[in-house]
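What follows is a set of notes on a single structure, which appears directly below.
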Amino acid sequence: MKNGASNIFRTWLGITAVVVLAVSTSSAGLEQSAAPDFTLKSINGDNLRLSEFRGEVVLINFWASWCGPCRQEMPVLSELHDKYKALGFTVLGVNVEEEPGKARRLLKEMQVSFPVLLDNESVVSKQYNVVAMPSTVLVDRNGNMRYLHKGYKPGLEDVYLQQIRDLVRE
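Residues 70 to 239 (our numbering) make up the sequence shown, in order.
Structural data, given as structure tokens:
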């Protein structure tokens with residue numbers, strides 16, 4: 070009985086943490102430090118490496134299919150990708166779930182224009198110290214992390230837009 074109560078408490082605590090992280094957002098400018106390079110398989114089966122995008126501004130978005138704010142943010146990111154890709158900007162969506170089928174099912178419902186990568190062993194999300202869903206990192210043309218956003222609320226796209234414009238102009 071004691072184990073059952075303990076498991077219920079841990080489950081409740083985990084759910085509470087996810088809800089708190091999902092409804093709150095934070096954003097910070099970062100001291101310029103090199104974005105950790107990585108290679109991940111895309112949803113289409115191609116290997117993509119972050120360093121291949123050197124010279125472009127890259128928005129890396131860590132997400133999961135079970136995350137409501139992630140689902141809400143994806144069309145916004147797709148629109149930003151389409152609007153600014155000609156200026157040297159790209160979005161890389163990084164799905165962090167162990168089961169890639171969940172991401173594939175969601176992407177059949179909600180098509181996006183940017184590459185989606187699979188981090189099913191959480192190697193890259195650990196490199197980037199991802200603790201909230203969604204988490205978004207903006208990387209400048211020189212491969213330096215410049216901005217970090219944890220969570221998503223409508224209106225955050227205006228902040229993304231300004232930061233993208235600033236980085237594209239550099």
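Glycine included, every Cβ here is placed at the ideal spot set by N, Cα and C.
CA nearest to the CA of residue i, picked from the options
i, options, result
"Leu186", "Asp106, Asn113, Tyr216, Pro105", "Asn113"
"Leu161", "Gly220, Glu125, Gln101, Arg234", "Glu125"
"Phe297", "Phe131, Glu148, Ser134, Thr108", "With the chain represented from 70 up to 239, any question about residue 297 goes unanswered, as that position is not in the structure."
"Asp235", "Lys219, Gln141, Phe158, Cys136", "Phe158"
"Val151", "Met214, Ser204, Ser182", "According to the sequence provided, residue 151 is Asp. The question's Val does not apply to it. Looking at the Cα atoms, Ser182 is the closest of the given residues."
"Ala133", "Tyr221, Leu230, Glu239", "Tyr221"
"Ala103", "Asn213, Arg174, Leu230, Gly224", "Asn213"
"Ala172", "Lys154, Trp135, Ser147, Tyr153", "Trp135"
DSSP three-state assignment for residue i, whether helix, strand or coil
i, result
"Gly137", "helix"
"Arg173", "helix"
"Ile233", "helix"
"Val145", "helix"
"Tyr216", "strand"
"Gln101", "strand"
"Lys222", "coil"
"Phe131", "strand"
"Phe122", "helix"
"Val192", "helix"
"Val228", "helix"
"Ser75", "For Ser75, the predicted structure reports a pLDDT of 46, less than 50, and the residue's modelled location is therefore unreliable. A value from the coordinates is still provided. DSSP places Ser75 in helix when its eight states are reduced to three."
Inter-residue CB distance, residue i and residue j (contact presumed, cutoff 8 angstroms)
i, j, result
"Leu232", "Leu207", "First, the residue type needs correcting, since residue 232 is Gln and not Leu in the sequence shown. Correct: roughly 6 angstroms between the Cβ atoms."
"Leu156", "Val237", "5 angstroms"
"Leu149", "Tyr229", "6 angstroms"
"Gln101", "Arg215", "7 angstroms"
"Glu226", "Val145", "5 angstroms"
"Leu117", "Thr205", "Contact flag wrong, Cβ pair sits at about 17 angstroms."
Residue i, buried or exposed, once every other Cβ within 10 Å from all chains shown has been counted against 16
i, result
"Pro138", "buried"
"Asn130", "buried"
"Leu164", "Sequence inspection shows Asn at residue 164; the Leu mentioned does not correspond to that position. By the neighbour-count rule (16 or more Cβ atoms within 10 Å), Asn164 is buried."
"Pro203", "buried"
"Val193", "buried"
"Glu142", "buried"
Checklist entry - Taking contact to mean at least 3 C-beta pairs separated by less than 8 angstroms, is the stretch 197 to 211 in contact with the stretch 168 to 181? => result no
Next on the checklist: Could you check whether the stretch 109 to 124 touches the stretch 175 to 192, counting it as contact only if at least three pairs of C-beta atoms, one from each stretch, sit closer than 8 angstroms?
Outcome noted: yes
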